[in-house]
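Residue numbers for the sequence shown follow our numbering, beginning at 85 and rising by one.
Even for Gly, the Cβ is constructed at its ideal location relative to N, Cα and C.
Worksheet: one structure, shown below.
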Amino acid sequence: MAELNSKSRTETVESCIFCSIANEQDQMTEVIKKNEELVCFRDIVPAAPHHYLVVSKEHISSCFSLQRRHVDLVERMAEMGKAVLHDQGITNMKDIRMGFHQPPYTSVKHLHLHVLAPASKIYKILEYKFIPASDRKNV
Numbered sequence: 085m086a087e088l089n090s091k092s093r094t095e096t097v098e099s100c101i102f103c104s105i106a107n108e109q110d111q112m113t114e115v116i117k118k119n120e121e122l123v124c125f126r127d128i129v130p131a132a133p134h135h136y137l138v139v140s141k142e143h144i145s146s147c148f149s150l151q152r153r154h155v156d157l158v159e160r161m162a163e164m165g166k167a168v169l170h171d172q173g174i175t176n177m178k179d180i181r182m183g184f185h186q187p188p189y190t191s192v193k194h195l196h197l198h199v200l201a202p203a204s205k206i207y208k209i210l211e212y213k214f215i216p217a218s219d220r221k222n223v
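This is the structure in structure tokens:
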């Protein structure tokens with residue numbers, strides 16, 4: 085696989101599981117939706133009935149690595165997440181959560197957007213990870 089090259093849209097890191105998934109080299113993960121730059125698949129430790137991850141094929145280490153040139157990419161990640169929810173029958177877009185964990189609270193060092201629905205059914209034991217403290221009393 086290619087080493088990191090900031091100019092490449094498809095840069096990968098050989099030891100990164102999300103790079104392997106994004107480049108169809110992981111046989112265990114079912115990709116739900118994909119295009120030329122993004123893939124979406126189920127989180128292996130779901131925190132809600134619908135919990136998906138959207139990752140770019142380009143290896144971006146974390147949200148701290150994002151630059152202005154990534155704004156459109158992040159918007160497309162959110163669009164794909166919403167499209168997957170819609171494909172799965174989720175119609176209430178007010179009852180979803182999407183977001184990135186920031187280091188050191190990431191389990192994989194590859195930017196990934198968490199897409200959860202319904203937010204009102206995020207599992208209590210994991211709500212601290214996905215529901216703002218100010219909203220937890222409502223769940």
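Residue i: first and last residue of the uninterrupted beta strand (DSSP E) it sits in
i, result
"Glu117", "Note that residue 117 corresponds to Lys in the displayed sequence, not to Glu. 115–118 is the extent of the beta strand (DSSP E) around Lys117."
"Ala131", "It is not in any beta strand (DSSP E) - Ala131 carries neither H nor E in the DSSP assignment."
"Ala201", "196–201"
"Lys182", "Reading off the sequence shown, one finds Met at residue 182, where the question assumed Lys. Unbroken beta strand (DSSP E) run through Met182: 181–183."
Residue i versus residue j: straight-line alpha-carbon distance, rounded
i, j, result
"His134", "Gly173", "10 Å"
"Ser145", "Asn176", "31 Å"
"Ser104", "Glu98", "8 Å"
"Glu114", "Val138", "13 Å"
"Glu87", "Asn107", "Because the pLDDT at Glu87 is just 38, under 50, the model does not fix this residue reliably, and the value given afterwards should be weighed accordingly. Those two C-alpha atoms are separated by around 14 Å."
"Met85", "Ile206", "For Met85, the predicted model reports a pLDDT of 36, less than 50, meaning its position is unreliable and no value from the coordinates is stated."
"Ala131", "Met112", "20 Å"
"Leu210", "Pro188", "17 Å"
"Leu157", "Asp110", "23 Å"
"Asp46", "Glu142", "In the structure as shown, the chain starts at 85 and stops at 223, and residue 46 therefore has no counterpart that could be examined."
Proximity below 7 Å, CB of residue i to CB of residue j
i, j, result
"Cys124", "Phe184", "no"
"Leu122", "Ser140", "yes"
"Ala162", "Asp179", "no"
"Leu197", "Met182", "yes"
"Phe102", "Val192", "yes"
"Arg152", "Tyr136", "no"
Closer than 6 Å: residue i CB and nearest the ligand FMN heavy atom
i, result
"Ser99", "Here there are no bound small molecules, and the ligand FMN is not part of this structure."
N-terminal and C-terminal residue of the alpha helix (DSSP H) that residue i is part of
i, result
"Leu169", "155–171"
"Phe125", "Looking at the DSSP string, Phe125 is not in any alpha helix (DSSP H); the run it does join, the beta strand (DSSP E), is 122–126."
"Phe102", "101–106"
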